[in-house]
Structures are given as C-alpha cells and as structure tokens.
Amino acid sequence: MTRTPQARTPQARSSQDTRRPGAATAARGPHDPSVESPRGDAAGPAQARIVVPAKHPMVTVLGSGDSLLRLVENAFPGTDIHVRGNEVSAVGDPAEVELVQQLFDEMMLVLRTGQPMTEDAVERSIAMLRNTQQDATAERPAEVLTANILSNRGRTIRPKTLNQKRYVDAIDKHTVVFGIGPAGTGKTYLAMAKAVQALQSKQVNRIILTRPAVEAGERLGYLPGTLYEKIDPYLRPLYDALHDMIDPDSIPRLMAAGTIEVAPLAYMRGRTLNDAFIILDEAQNTNPEQMKMFLTRLGFNSKIVVTGDVTQVDLPGGTRSGLRVVQGILEGVEDVHFARLTSTDVVRHKLVGRIVDAYERWDADERGREAAERGGESGDRPGRGDHSGRGERAARGERRGHHTRSRTTHHINPPQTES
1 MTRTPQARTP QARSSQDTRR PGAATAARGP HDPSVESPRG DAAGPAQARI VVPAKHPMVT
61 VLGSGDSLLR LVENAFPGTD IHVRGNEVSA VGDPAEVELV QQLFDEMMLV LRTGQPMTED
121 AVERSIAMLR NTQQDATAER PAEVLTANIL SNRGRTIRPK TLNQKRYVDA IDKHTVVFGI
181 GPAGTGKTYL AMAKAVQALQ SKQVNRIILT RPAVEAGERL GYLPGTLYEK IDPYLRPLYD
241 ALHDMIDPDS IPRLMAAGTI EVAPLAYMRG RTLNDAFIIL DEAQNTNPEQ MKMFLTRLGF
301 NSKIVVTGDV TQVDLPGGTR SGLRVVQGIL EGVEDVHFAR LTSTDVVRHK LVGRIVDAYE
361 RWDADERGRE AAERGGESGD RPGRGDHSGR GERAARGERR GHHTRSRTTH HINPPQTES
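Using full-length UniProt numbering, the letters of the sequence shown correspond one by one to residues 1 to 419.
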C-alpha cells in the first residue's frame, strides 16, 4: 500500500543521537536481530528499520494486497510506514514507532513456527503489545499465538488472546478452574480442548461433560425417548465442540465405552469421579446447592473446569446463581483459580464484543437508576435517613407540648421515634 509521506524533519542523525528503547522493550528482552530499535532525538520523530529475512516472502508479512500493512497503518496513524524490497521503515511518534518495531518482531517470531499471520492475529498482537505498556510481565504476542493445545484434521486449536492464554495455563496448574466471561470468549471450547489433550496424553482416563438442563426444570423423566435423546438438545454445544477436536467416527465408540460421558447435572449426584477431566458448562444456571454438589464430586487424579456467564442467568426469579455465590466462597482457596474473560477476548464476529460492551453499559445504567430510585424512596420515607424531617417532627412536638402543658400528661403527643 502506498501512502503519501507527510513533511518530516530530515532523517539524518548526528553523532549525538541515542537509541530510544522503551521500558516495555527493555523488559521483554532482545529483539530479532533483523529489527533495528527506534532512534530519534528528543524533539524529532523516531525511526526504525525492519529487515524481513529472505525465507519469509513479503506477502506473509504484509498480507495479500497489503491487507496486514493497512491494518498496521490504521492502528498507528502517527507513524509513516514505507516498504522497499524486504525492508520496512517506520518514522513518526517515538512511542508508536517502538510498538511498530515490536509488532514486526512478534510477527516474524510467529512466522518462524510455520503459522501464517492473519488480520485477526495482527489486531490481537497490537492489543497485546499495548497491554504490555501497562503490564511488563505480560506474555508476548508470539507466546500467546503459538501456544498450541491440539491439532485435528489440519486444524490447530490455540488461545487467541492474553486472557485465554492465562486461562489455559491455569487449567494446567490448578485442580479446579472457573472460566467466567461473556458469550464467545472461548471458555467452553478451550476447556474442551484441554480435556481432549489430557485424554490423548493419558493424564486422565475419561472426559465427563455436564450442564444444567434448566430449560426442563432439571426433570427429564417426563420427556420421551432414551436418556441420550432426552439430553441431546441441552448438550448439543458440547457435542459440536467435540466434533471439532476428535474424529467424528470415533466419538460413538468412545461414548459407548464410557471414555466420554455427556450427562445433565442432575445425574452427577452421589458419584465420585476419579481419573477424569470434568467440565460443567452454563454454570450460571446452577443454584448454590447444585454447585456445591457438583464440586464435591471431585475424586483422585481429576480436574474440574466450570464455565459460565453471570450476565445470562436463566434461573427462576428469586433463585441465586451458584456461579455468583461460589466466587465469594472459594476465592483465595488453594488450588482453585478464577479466570475472568472480557469482551476483548471475544473470538466470534467483532460485533459480538461491541454487543457485550453495550449490554454491560446498559446494565450499569439500570443498576444506577435502581439505586437512585431506592435512595429517593428511603429519603421520602419519614424517620429514615432524613434528619431535617426528624427536626421538624421534634419542633412540632415541642409546640404541641407548649400548648397542652396545662392538660394531663397522657394527652401530650410525644415526638415520633424512628422505627
């Protein structure tokens, strides 16, 4: 893509020029040898030169039709980016130039693994690099984008965001992990991938997938058909994920052997689950008693992952969500981890993230209005938080007492007291 360069000061630098590595750069270690650090004086623009190794065709770095280059230019409007042969130069705002330099560094690290760069990967890399400016300990984009979990039929499953990477790492490190976040953040999908990985590596002997059948009131006996036919509609999302990760022809055999079990939450009661990777999906639709029942099924050499979205509770009115309650109970307990994902981790259509954000703003506004209404009602109610009203009542009592002082005591109206 060709851009008309803006008027700039001469790029020639005197011997007084110094390198301008930022704090994030220093914390992240040395860059790719083919990438020069940004340089510039205190008053002028910085510049960086990136040399793409010959083994990486420029189309893999710039994208088809320069699509990736356009993304980078749009993300850093204060920087001019020029391409000549296998060299990319960036001139402009020092902070932006440093991020551009780091971005190309990360892109080439990803390309070295044989993984292609996509528009989504570039956008997420930019977001992660900006995050490292606030958190120097955060993983590098290349570490996140190359953290493969498993591959099936030419498709590799891996985290796409920093929070997803931390969620996956938490599953490796802890026995019980809660993945809490909005729809589309990969909570269940990544948990399923880790379960299949654990089964294939013989860390566990079976996978157990469950979710509450709240739509049927947890009572399935009246429904027609076999148990499989009764629960199939409620567990279909779990089956869909399984088909992405395991050869579809082998799934019936694994289920018949009990290696993979899919059942409603009500069927977990009274069991002890050993040598198993257990996933509870849609956990926001459990009540506190069901959540306790499920967590206490944990046996030896087993792992539990609980996923849910506390903003999408389908329980009957007045019923507390077990996923909300358990956070206050188990937060800080050893070997229990809560991984929280946000709208920035949505891996569906970009619009899904915006929809999630819009609903969160609406919910915040609704809570604010409800709080204001409750405050107004309590302020209007006599004797509750209204000291001026209490003073007026006392004054009325004093006047009443003054006029009735000559009467008997039981005729005097004493000042009202707060209930």
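C-beta: ideal position from N, C-alpha, C; glycine also.
Query raised in the report: Counting contacts by CB-CB distance shorter than 8 Å, is L330 in contact with chain B?
Result: Any reference to chain B falls outside this structure, which holds one protein chain only.
Query raised in the report: If we call anything under 8 Å between Cβ atoms a contact, is I207 one with I260?
Result: Walking along the sequence shown from the start, residue 207 turns up at place 207. Walking along the sequence shown from the start, residue 260 turns up at place 260. It is a contact, given that the beta carbons lie within the stated cut-off.
Query raised in the report: Who are the Cβ neighbours of R155 in its own chain at under 8 Å, not counting the five residues just before and after it?
Result: One-based indexing of the sequence shown puts residue 155 at position 155. Counting only Cβ-Cβ distances below 8 Å, and skipping sequence neighbours, we find D244.
Query raised in the report: What are the start and end residues of the beta strand (DSSP E) that includes N152?
Result: Indexing the sequence shown from 1 puts residue 152 at position 152. Counting along the chain, the beta strand (DSSP E) containing N152 begins and ends at L150 to N152.
Query raised in the report: Per DSSP, D80 forms a beta bridge with which residues?
Result: Position 80 of the sequence shown, counting from 1, holds the residue named residue 80. Its beta-bridge partners are V91.
Query raised in the report: Per DSSP, what kind of secondary structure is F300 in: helix, strand or coil?
Result: The sequence position of residue 300 within the sequence shown is 300, counting from 1. F300 falls in the coil class under three-state DSSP.
Query raised in the report: According to DSSP, which residues form a beta bridge with T259?
Result: As a first step, residue 259 must be located in the sequence shown, where it is residue number 259. T259 is not bridged to any residue.
Requested in this report: Could you check if D105 is buried or exposed, using at least 16 other CB atoms within 10 Å of its CB as the buried criterion?
Outcome: If you number the sequence shown from 1, residue 105 lands on position 105. Label assigned to D105: buried.
Query raised in the report: If you draw a straight line from the alpha carbon of L209 to that of L238, how long is it in whole angstroms?
Result: In the sequence shown, counting from the first residue as 1, residue 209 sits at position 209. In the sequence shown, counting from the first residue as 1, residue 238 sits at position 238. Near 7 Å, if we compare the C-alpha coordinates of L238 and L209.
Query raised in the report: How would you label R297, buried or exposed, when you count the other beta carbons within 10 angstroms and need 16 or more for buried?
Result: In the sequence shown, residue 297 corresponds to position 297, counting from 1. Buried, since its Cβ has 16 or more Cβ neighbours within 10 Å.
Query raised in the report: Secondary structure at A48, three-state DSSP: helix, strand or coil?
Result: Locating residue 48 in the sequence shown gives position 48, counting from the first residue. Reduced to three states, the DSSP call for A48 is strand.
Query raised in the report: What is the C-beta distance between A241 and M192, in whole angstroms, given that I count them as a contact (C-beta under 8 Å)?
Result: Counting from one through the sequence shown, the residue named residue 241 turns up at place 241. Counting from one through the sequence shown, the residue named residue 192 turns up at place 192. Confirmed, Cβ separation roughly 4 Å.
Query raised in the report: Which term fits G368, buried or exposed, when burial requires 16 or more other beta carbons within 10 angstroms of its beta carbon?
Result: As a working note, residue 368 is residue 368 in the sequence shown. When all chains shown are included, G368 counts as exposed.
Query raised in the report: So M280 is in the beta strand (DSSP E); what residue range does that whole segment cover?
Result: Translated into positions along the sequence shown, residue 280 becomes position 280. The question names Met, but residue 280 in the sequence shown is Leu. Taken as a continuous stretch (DSSP letters only), the beta strand (DSSP E) holding L280 covers A276 to L280.
Requested in this report: Report the rounded CA-to-CA distance for V97 versus D247, giving the unit in angstroms.
Outcome: Position 97 of the sequence shown holds residue 97. Position 247 of the sequence shown holds residue 247. If I take the Cα positions, the gap works out to 46 Å.
**Report entry** Collapsed DSSP secondary structure at H337 in the structure displayed
**Finding:** Reading the sequence shown from its first residue, position 337 is the one you call residue 337. The answer is strand: DSSP assigns H337 an E or B state.
Query - At least 3 beta-carbon pairs within less than 8 Å: the region 140 to 159 vs the region 268 to 276 - result: no
Report task. Would you tell me roughly how many angstroms separate the C-alpha atoms of V61 and P77, rounded to the nearest one? Result -> Here residue 61 corresponds to residue number 61 of the sequence shown, with the count starting at 1. Here residue 77 corresponds to residue number 77 of the sequence shown, with the count starting at 1. When rounded, the distance between both Cα atoms is 19 Å.
Query raised in the report: Where do the N-terminal and C-terminal ends of the alpha helix (DSSP H) with R271 fall, by residue?
Result: Along the sequence shown, read from residue 1 onward, the residue named residue 271 stands at position 271. Note, R271: premise wrong, no alpha helix (DSSP H); not H, not E.
Report task. Classify E282 as buried or exposed, calling it buried when 16 or more other Cβ atoms lie within 10 Å of its own Cβ. Result -> The sequence position of residue 282 within the sequence shown is 282, counting from 1. With 16 or more Cβ atoms within 10 Å of its Cβ, E282 is classed as buried.
Requested in this report: With I329 as the anchor, note down where its beta strand (DSSP E) starts and where it stops.
Outcome: For the purposes of this step, residue 329 is identified with residue 329 of the sequence shown, where counting begins at 1. First-last for I329: G322 to L330, but that is the alpha helix (DSSP H), not the beta strand (DSSP E).
Query raised in the report: DSSP three-state call for P33: helix, strand or coil?
Result: Here residue 33 refers to the residue found at position 33 of the sequence shown. Residue placement at P33 is poorly supported in this model, since its pLDDT is 42, which falls under 50; the coordinates are not used for a value here.
Query raised in the report: When DSSP labels each residue in this structure, what does A26 get in the three-state scheme?
Result: Stepping through the sequence shown from its first residue, residue 26 is reached at position 26. No answer about A26 holds up, because its pLDDT of 34 lies below 50 and its placement is not dependable.
Query raised in the report: Mind checking whether H174 and D335 have CB atoms under 8 Å apart?
Result: Along the sequence shown, read from residue 1 onward, the residue named residue 174 stands at position 174. Along the sequence shown, read from residue 1 onward, the residue named residue 335 stands at position 335. Yes, Cβ-Cβ distance for H174 and D335 is below 8 Å.
Query raised in the report: Mind checking whether P182 and T311 have CB atoms under 8 Å apart?
Result: Your numbering for residue 182 matches position 182 in the sequence shown. Your numbering for residue 311 matches position 311 in the sequence shown. Their beta carbons are under 8 Å apart, which means P182 touches T311 by this criterion.
Query raised in the report: Got a sec? Which residues, its chain only, sit under 7 Å from S67 by beta carbon, not counting five neighbours each side?
Result: In the sequence shown, residue 67 corresponds to position 67, counting from 1. Answer for S67: E119, listed in chain order.
**Report entry** Those residues which DSSP pairs with I207 across a bridge
**Finding:** Sequence index remark: in the sequence shown, residue 207 carries index 207 (1-based). DSSP lists I260 and F277 as the bridge partner or partners of I207.
**Report entry** Pairwise C-alpha distance: P45 and P94
**Finding:** Counting from 1 along the sequence shown, the entry for residue 94 is found at position 94. Counting from 1 along the sequence shown, the entry for residue 45 is found at position 45. In a straight line, the C-alpha of P94 is about 6 Å away from that of P45.
**Report entry** Beta bridge counterpart(s) of R140 as assigned by DSSP
**Finding:** As a working note, residue 140 is residue 140 in the sequence shown. Note: R140 sits in no beta bridge, so no partner.
Query raised in the report: DSSP three-state call for G179: helix, strand or coil?
Result: The count along the sequence shown starts at 1 and reaches residue 179 at position 179. Looking at G179 - three-state DSSP - the assignment turns out to be strand.
Query raised in the report: Quick one: what does DSSP say I251 is sitting in, helix, strand or coil?
Result: In the sequence shown, counting from the first residue as 1, residue 251 sits at position 251. Three-state DSSP puts I251 in a helix.
Query raised in the report: What number of angstroms, rounded off, separates the C-alpha of A27 from the C-alpha of M128?
Result: The residue given as residue 27 occupies position 27 in the sequence shown. The residue given as residue 128 occupies position 128 in the sequence shown. Confidence is the limiting factor: at A27 the pLDDT is only 36, short of 50, which leaves the residue's position unreliable and the question unanswerable from this model.
Query raised in the report: Nearest to I279 by CA position, among V306, L235 and L150, is which residue?
Result: As a position in the sequence shown, residue 279 is number 279, starting the count at 1. Just measuring C-alpha positions, the residue of V306, L235 and L150 sitting nearest I279 is V306.
Requested in this report: On a CA-only basis, which of V59, N74 and L330 is nearest R84? Give me that one, please.
Outcome: By 1-based counting over the sequence shown, the position of residue 84 is 84. Checked all of V59, N74 and L330; the closest Cα to R84 is V59.
**Report entry** Distance between beta carbons of V100 and T79, contact taken as under 8 Å
**Finding:** Sequence index remark: in the sequence shown, residue 79 carries index 79 (1-based). Sequence index remark: in the sequence shown, residue 100 carries index 100 (1-based). Right, their Cβ atoms sit about 6 Å apart.
**Report entry** Cβ-Cβ distance between L330 and G299 below 8 Å
**Finding:** Taking the sequence shown and counting its residues from 1, one reaches residue 330 at position 330. Taking the sequence shown and counting its residues from 1, one reaches residue 299 at position 299. No.
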